[in-house]
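Contents: one structure, followed by commentary.
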Amino acid sequence: MVSMITQVPGLLLGHFTDSQHHTGCSVILCPKDTVGGVDVRGPSPGSRETALLAPDKHVQDVTAILLSGGSAFGLAAADGVVRYLEENDLGHWTPRATIPIVPAAVVYDLFFGEGKRRPDPEMGYQACQAAKIDEVAQGNVGAGAGVTVGKWAGFEGMMKGGFGTASEQIEIEGGEKLIVGAVAVTNCVGDVLNPDGTVLAGARRPDGSWSAEKDPLQYLVRELEIPAGTNTTLIVAATNAVMSKVDVNRLAQHAQNGLVTAVRPSHTTHDGDIAFTLATGQVEARFDLVAYLTERVVAESIRNSVRYANTLEGIPGLAG
Numbered sequence: 022m023v024s025m026i027t028q029v030p031g032l033l034l035g036h037f038t039d040s041q042h043h044t045g046c047s048v049i050l051c052p053k054d055t056v057g058g059v060d061v062r063g064p065s066p067g068s069r070e071t072a073l074l075a076p077d078k079h080v081q082d083v084t085a086i087l088l089s090g091g092s093a094f095g096l097a098a099a100d101g102v103v104r105y106l107e108e109n110d111l112g113h114w115t116p117r118a119t120i121p122i123v124p125a126a127v128v129y130d131l132f133f134g135e136g137k138r139r140p141d142p143e144m145g146y147q148a149c150q151a152a153k154i155d156e157v158a159q160g161n162v163g164a165g166a167g168v169t170v171g172k173w174a175g176f177e178g179m180m181k182g183g184f185g186t187a188s189e190q191i192e193i194e195g196g197e198k199l200i201v202g203a204v205a206v207t208n209c210v211g212d213v214l215n216p217d218g219t220v221l222a223g224a225r226r227p228d229g230s231w232s233a234e235k236d237p238l239q240y241l242v243r244e245l246e247i248p249a250g251t252n253t254t255l256i257v258a259a260t261n262a263v264m265s266k267v268d269v270n271r272l273a274q275h276a277q278n279g280l281v282t283a284v285r286p287s288h289t290t291h292d293g294d295i296a297f298t299l300a301t302g303q304v305e306a307r308f309d310l311v312a313y314l315t316e317r318v319v320a321e322s323i324r325n326s327v328r329y330a331n332t333l334e335g336i337p338g339l340a341g
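Written out as structure tokens, the structure is:
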């Protein structure tokens, strides 16, 4: 089985993809009592319910996480996720109703087609219906349907981004398995890097060579010719470890470290990078070990997002 976030027990992952308009959404459904955190680094984020995840806020549990295309319009898909969860009596208990807790974040994918078709409540609902533990698609699917990478040198040299996932597991004391998984939707200004720092996917010259040529200064010497707020990498990292709300928010900072490992430049003034974290609370494990694995699987999920991306409307993808 391909390593993926659903190897964390209890998590389900579903997509809705509008292949005609190159947009969609992806949802992660969480088991009961999953603790959530968040770290927002990009100065141009689009999100909902992120404040609720702060360590000082009362609600501990998260019912689902939604990642969506459509920019701010795509946040409407969360209404469909909430409806699905309410129908299935999933959420935070209150005396009058069970309230689904659904943090969400969006990417700008309006460059393809007319930009008028965006994820809506019905798409969010259908993504929940499609959620499963089995192997799910990567690349041009869900929230990754219409995303691109490597725009720092201009739109003409960019490549196709996408949706990716990865996971790792390690045996810890007592013979239990610590599992850490992640998903990424990669719509970044920067290039996506191999583990050795070379470019995997990103800005290209007309002859097909990489614009960066390993020189970090190449990212900084020119004014970016792209609108702010049109780029974002979204991350969800999850573990079966027991964690407090404080620790799971600290873990989100380490998820952002994984993003920095795999995307150059990252957290630019043109990006809205957000990392969500989830802890399902099944095994006891050292925080530093979980954090290290989180950084690794986040970086690998970002790489998988471009490895599985197909060419779209002339924008090349590594998967052909």
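If you read the sequence shown in this note's numbering, its first letter stands for residue 22, the second for the next number, and so on.
Heads up, the beta-carbon is just placed ideally off N, CA and C, and yes, glycines get one too.
- By the C-beta criterion, the segment 162 to 169 is judged not to be in contact with the segment 281 to 297, since fewer than 3 inter-stretch pairs fall below 8 angstroms.
- Gly134 is the residue among Gly163, Glu234, Gly134 and Val311 whose C-alpha sits nearest the C-alpha of Gly335.
- Nearest to Gly218 by C-alpha distance, out of Glu234, Gly229, Asp228 and Glu143, is Glu234.
- The DSSP-derived three-state label of Asp217 is coil.
- In the assembly as shown, Trp114 is an exposed residue. Its beta-carbon has fewer than 16 other beta-carbons within 10 Å.
- Per DSSP, His36 lies in no alpha helix (DSSP H) segment; the continuous beta strand (DSSP E) that holds it begins and ends at Leu33 to Asp39.
- Residues Leu272 and His275 of the same chain have their beta carbon placed closer than 7 angstroms to that of Ala312, with the five preceding and five following residues left out of the count.
- In the structure shown, the three-state DSSP call for Leu106 is helix.
- The criterion of a C-beta distance shorter than 8 angstroms is not satisfied by Ile200 and Thr27.
- Excluding the 5 residues flanking it on each side, Met144 has same chain C-beta neighbours closer than 6 angstroms at Phe37, Cys46 and Ala98, in chain order.
- When the alpha-carbon of Gly91 is set against those of Cys51, Asp60, Lys78 and Arg139, the nearest one is in Arg139.
- One thing to note: Asp77 has its Cβ no nearer than 8 angstroms to the Cβ of Thr55.
- Pairing Glu316 with Gln277, the inter-Cα distance amounts to about 8 angstroms.
- Between Gly182 and Ser326 a beta carbon distance of about 6 angstroms is seen, short of the 8 angstroms cut, so the two are scored as contacting.
- The Cβ atoms of Gly178 and Ser89 lie no closer than 8 angstroms to each other.
- The continuous beta strand (DSSP E) containing Thr253 extends over residues Thr253 to Ala262.
- In this structure, DSSP gives Leu299 an extended state, which the three-state scheme calls strand.
- In this structure, Ile86 places its C-beta atom within 8 angstroms of the C-beta atom of Ile49.
- Here Gly31 is not near Ala152, since their CB atoms are 8 angstroms or more apart.
- Separation of Val162 and Ala118 (C-alpha to C-alpha, rounded to the nearest whole angstrom) is 33 angstroms.
- Shown here for Cys149: same chain residues with a beta carbon closer than 7 angstroms to its own, the five before and five after excluded, namely Gly35, Val48, Leu50, Val102 and Tyr105 in chain order.
- Measuring C-alpha to C-alpha distances from Ala174 to each of Glu107, Gly63, His42 and Asp212 identifies Asp212 as the nearest.
- Look at the beta carbons and you see the segment 290 to 305 not touching the segment 223 to 232: under three pairs across the two are nearer than 8 angstroms.
- Taking Ser65 as reference, the option from Glu305, Asn208, Arg324 and Ala330 with the minimal CA-CA separation is Asn208.
- For Phe132, the closest C-alpha among the options Val157, Arg225, Phe176 and Ser287 is that of Phe176.
- In this structure, Ala222 places its C-beta atom within 8 angstroms of the C-beta atom of Leu339.
- Within the same chain, Cβ atoms closer than 7 angstroms to the Cβ of Ala93 are found at Gly67 and Val127, the five residues on either side in sequence being excluded.
- The beta carbon of Asp268 is closer than 7 angstroms to those of Phe308 in its chain, skipping five residues each way along the sequence.
- Taking 8 angstroms as the cut-off, the Cβ atoms of Val29 and Thr260 count as close.
- Here DSSP, grouped into helix, strand and coil, assigns Ala118 to coil.
- If you draw a straight line from the Cα of Ile247 to the Cα of Val204, it is about 26 angstroms long.
- Check the Cα spacing between Thr253 and each of Arg324, Met264, Val206 and Val220: the tightest is with Val206.
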